[in-house]
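K.L.:
Each protein sequence line maps, in turn, to chains A and B. Take the first sequence: its position 133, counted from the start at 1, is 134 in this note's numbering, and no numbers get skipped. Take the second sequence: its position 76, counted from the start at 1, is 81 in this note's numbering, and no numbers get skipped.
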Amino acid sequence: MKNFPGLPAAKAALPLWLCAALLFCLSACSAPEPARVEEEFFAMDTLIRLTAYGENAAEAVGAAVERVRELARMASPSDPESDVCRINRSAGKAYVRVHPEILKMIKAAIAYGGITGGVFDITVGPLVALWGIGTENAGRPSGEAIDAARSYIGSDRILLDEAGCGVMLPAEGMSIDLGGIAKGFAADAALEIFRDFGVRSALIDMGASSIYTLGEKPDGTGWSVAVKHPRKSAGGPYLCTLQLSDQALSTSGDYERYFIQDGNRYHHILDPATGCPADSGVMSVTVIVDEDVPDCNMLADILTKAVFIAGVEKGFQMIDQIPGAACLAAGTDFRIYVSGNWRARLDRISGDFTSPEETRRPAR
Amino acid sequence: MRKRRNDMILIALIGFAAALIALGAYLLRHEGAYVLVTVNGEVYGKYALDTDMQLRVGNDGAYNLLVIESGSAYIREASCRNQLCVHQGRISHEGRSLVCLPNRVVVEIVGGERQEVDAVAG
Numbered sequence: 002m003k004n005f006p007g008l009p010a011a012k013a014a015l016p017l018w019l020c021a022a023l024l025f026c027l028s029a030c031s032a033p034e035p036a037r038v039e040e041e042f043f044a045m046d047t048l049i050r051l052t053a054y055g056e057n058a059a060e061a062v063g064a065a066v067e068r069v070r071e072l073a074r075m076a077s078p079s080d081p082e083s084d085v086c087r088i089n090r091s092a093g094k095a096y097v098r099v100h101p102e103i104l105k106m107i108k109a110a111i112a113y114g115g116i117t118g119g120v121f122d123i124t125v126g127p128l129v130a131l132w133g134i135g136t137e138n139a140g141r142p143s144g145e146a147i148d149a150a151r152s153y154i155g156s157d158r159i160l161l162d163e164a165g166c167g168v169m170l171p172a173e174g175m176s177i178d179l180g181g182i183a184k185g186f187a188a189d190a191a192l193e194i195f196r197d198f199g200v201r202s203a204l205i206d207m208g209a210s211s212i213y214t215l216g217e218k219p220d221g222t223g224w225s226v227a228v229k230h231p232r233k234s235a236g237g238p239y240l241c242t243l244q245l246s247d248q249a250l251s252t253s254g255d256y257e258r259y260f261i262q263d264g265n266r267y268h269h270i271l272d273p274a275t276g277c278p279a280d281s282g283v284m285s286v287t288v289i290v291d292e293d294v295p296d297c298n299m300l301a302d303i304l305t306k307a308v309f310i311a312g313v314e315k316g317f318q319m320i321d322q323i324p325g326a327a328c329l330a331a332g333t334d335f336r337i338y339v340s341g342n343w344r345a346r347l348d349r350i351s352g353d354f355t356s357p358e359e360t361r362r363p364a365r
Numbered sequence: 006m007r008k009r010r011n012d013m014i015l016i017a018l019i020g021f022a023a024a025l026i027a028l029g030a031y032l033l034r035h036e037g038a039y040v041l042v043t044v045n046g047e048v049y050g051k052y053a054l055d056t057d058m059q060l061r062v063g064n065d066g067a068y069n070l071l072v073i074e075s076g077s078a079y080i081r082e083a084s085c086r087n088q089l090c091v092h093q094g095r096i097s098h099e100g101r102s103l104v105c106l107p108n109r110v111v112v113e114i115v116g117g118e119r120q121e122v123d124a125v126a127g
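Here is the structure:
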């Protein structure tokens, strides 16, 4: 301080302070961001995007992509050599030896078929083929054809040989479709790989219908996931956005694959009880399942379809029985409903819809 | 007061450096948005969002006619059967995308305005 005899010490140190502040700013600007690895690829009839941050991210994403592709091949409804096609071809004839993963998917589907009161059923294959929704042959079938197709439905009729990893459909004409469960299953497999590699921040996006948020973003905030507006195009507003962390999400709607005939909208989620597209008063259903629930992604996939078919009242009763699960539904009355255990933050609700708070308020 | 004057020079220099950094950050942030087109996971091309154009992606057998117009992008025509990509409408914000599954074409907005969400469900 001898150079500044007349100045108070703090004032003399001002340039030093400024230098320190500048250095701090510079270091903040150039703080190393954790490595971000992202891979996008087509599988399971959709565009899948896996993103991971931090150490091992590249290895983890590489391994997860391989695994998802492998599961997609096994569950493919179009590849004649896939386990699913082989099971369907041998319906009423013989047991088919399948990969343990396919056996696990089928077992889970049968178990949840029971829990959901039969609304979730992987044996809807004949109905799916009859309606042909999403193909050029889509059209409303006759009542007799629907009844005939319905006679092949019933996942409780699937025969399993667990020791030999065998699966058999008891009657010719029966077929299974794992489309409602395979993406969630693959997301669970990718999540397991990410965890094994020690990845703590990642996003698993299985073509928008099933999304898993691992940890938080590197900046410490939750993942922001928007839910599509069921009646507006891709560039338009969202239904709402959610803040998620360590949660599986699954969304189903009547707007992805559908056709319109005589003014009626026929979408791809079929109700096994009626043999027709579900008509339960909802346009879009989103289910969130916490990470500590086993097979959380697959469970979310199953519950979304189940609530879509069962409707808000019955569907939410089902959700309330399952710890760690919560549900948001957009009704055809343009109201947003949330189940009693919904905790996720809800932002930017579309003005076209009544918010959950208003929906809950009793009518005057 | 010579020491005092040196202080002032130092302060001015620091202020100047800070202004330069702020300017740099500002310029970097305003990197223009562009349209990234990929076919089957391979990059097909990058096109500025602020330059109107039409682009035929693919060949005669399978194509998507991409239009960039007034700062937004959309698919006007496509060879695919379901025409879902044509019905997806216009996109203009970072992170939004148009997907044609049959032709494996993805049109995505990259850069530009801050990404609004990390993923879109549904």
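Yeah, the Cβ is synthetic: ideal placement off N, Cα and C, and Gly gets one too.
1. Can you confirm whether residue 224/A, when its beta carbon is compared against all beta carbons of chain B, has any partner nearer than 8 Å?
2. Give a yes or no on whether the C-beta atoms belonging to residue 253/A and residue 210/A are separated by under 8 Å.
3. Could you give the first and the last residue of the continuous alpha helix (DSSP H) run that contains residue 195/A?
4. Pull out every residue of the segment 65-78 of chain B whose Cβ sits closer than 8 Å to any Cβ of chain A, in chain order.
5. Would you kindly check if the distance between the Cβ of residue 205/A and the Cβ of residue 227/A is under 8 Å?
6. Cα separation between residue 34/B and residue 27/B?
7. Please check if any C-beta of chain A sits within less than 8 Å of the C-beta of residue 87/B.
8. From the beta carbon of residue 163/A, is the nearest beta carbon of chain B less than 8 Å away?
9. Could you check whether the Cβ of residue 300/A sits closer than 8 Å to any Cβ belonging to chain B?
10. So, using beta-carbon positions, are residue 107/A and residue 49/A closer together than 8 Å?
11. For residue 278/A, which residues does DSSP report across the bridge?
12. Going straight from the alpha carbon of residue 225/A to that of residue 122/B, what length do you get?
13. To which residues of the same chain is residue 103/A closer than 6 Å at the C-beta, ignoring the five residues directly before and after it?
14. Could you give the residue range of the alpha helix (DSSP H) that holds residue 298/A?
15. Count the other CB atoms, across all protein chains shown, that sit within 10 Å of the CB of residue 36/B; report buried if there are 16 or more and exposed otherwise.
16. Please decide whether residue 197/A counts as near chain B, where near means a Cβ-Cβ distance under 8 Å.
17. Do residue 287/A and residue 275/A have their C-beta atoms within less than 8 Å of each other?
18. Taking only beta carbons into account, state which residues of the segment 225-240 of chain A come closer than 9 Å to chain B, listed in chain order.
19. Excluding the 5 residues preceding and the 5 following residue 162/A in the sequence, name in chain order all residues of the same chain whose CB lies nearer than 7 Å to its CB.
20. State the CB to CB distance for the pair residue 269/A and residue 259/A, rounded to an integer number of angstroms; the pair is presumed to be in contact (CB under 8 Å).
21. Rounded to a whole number of angstroms, what is the C-alpha to C-alpha distance between residue 337/A and residue 23/B?
22. Can the beta-carbon of residue 113/A be found less than 8 Å from the beta-carbon of residue 350/A?
23. Just reading off the alpha helix (DSSP H) that residue 371/A is part of, what are its end residues?
24. Using a Cβ-Cβ distance cut-off of 8 Å, determine whether residue 59/B contacts chain A.
25. Rounding to the nearest angstrom, what Cα-Cα distance links residue 240/A and residue 229/A in this structure?
26. Check whether the segment 126-136 of chain A touches the segment 175-188 of chain A, counting contact only when three or more Cβ pairs, one atom from each stretch, lie closer than 8 Å.
27. In chain order, what residues of the same chain have a beta carbon less than 6 Å from the beta carbon of residue 38/A, not counting five sequence neighbours either side?
28. Could you tell me which uninterrupted beta strand (DSSP E) segments, each at least 3 residues in length, are contained entirely in the segment 62-125 of chain B, listed from first to last along the chain?
29. Identify the contact partners of residue 46/B in chain A, using a Cβ-Cβ distance below 8 Å as the criterion.
30. At 7 Å on the CB atoms, spell out the chain B contacts of residue 135/A, in chain order.
31. Looking only at its chain, what residues have a beta carbon closer than 6 Å to the beta carbon of residue 89/A, apart from the 5 residues adjacent to it on each side?
32. Under 8 Å between beta-carbons, which chain B residues line up against residue 212/A? List them in chain order, please.
33. Would you tell me roughly how many angstroms separate the C-alpha atoms of residue 157/A and residue 63/B, rounded to the nearest one?
34. For residue 113/A, does the three-state DSSP call read helix, strand or coil?
35. CA-CA distance, residue 97/B and residue 115/B?
36. Considering Cα atoms alone, identify which of 94/B, 67/B, 124/B is closest to residue 106/B.
P.N.:
According to the structure shown:
1. Contact of residue 224/A with chain B is assigned, a C-beta pair being separated by under 8 Å.
2. yes
3. 183-197
4. 77
5. no
6. Unreliable positioning characterises residue 34/B in this predicted model, as indicated by a pLDDT of 47, which lies under 50. The coordinate reading is nonetheless provided below. Residue 34/B and residue 27/B: Cα-Cα distance of roughly 11 Å.
7. It does; some Cβ of chain A falls within 8 Å.
8. no
9. no
10. no
11. 271/A
12. 5 Å
13. 75, 84
14. For residue 298/A, the uninterrupted alpha helix (DSSP H) segment begins and ends at 297-311.
15. Residue confidence for residue 36/B is low, a pLDDT of 49 falling below 50, so the modelled location carries little weight; the figure read from the coordinates is stated next. Counting Cβ neighbours within 10 Å, residue 36/B comes out exposed, since fewer than 16 surround it.
16. no
17. no
18. 225, 226, 227, 228, 229, 230, 231, 233, 234, 235, 236, 237, 239, 240
19. 96
20. 7 Å
21. 48 Å
22. no
23. This structure leaves residue 371/A out entirely; chain A is present only between 2 and 365.
24. no
25. 5 Å
26. yes
27. Close CB contacts of residue 38/A within its chain, under the 6 Å cut and outside five residues either way in sequence, are with 53, 58, 59, 62 (chain order).
28. 68-74, 77-83, 102-105, 110-115
29. 41, 42, 43
30. 87
31. 176
32. 124, 126
33. C-alpha separation (whole angstroms): 46 Å.
34. In this structure, residue 113/A counts as helix in the three-state DSSP scheme.
35. 10 Å
36. 67/B
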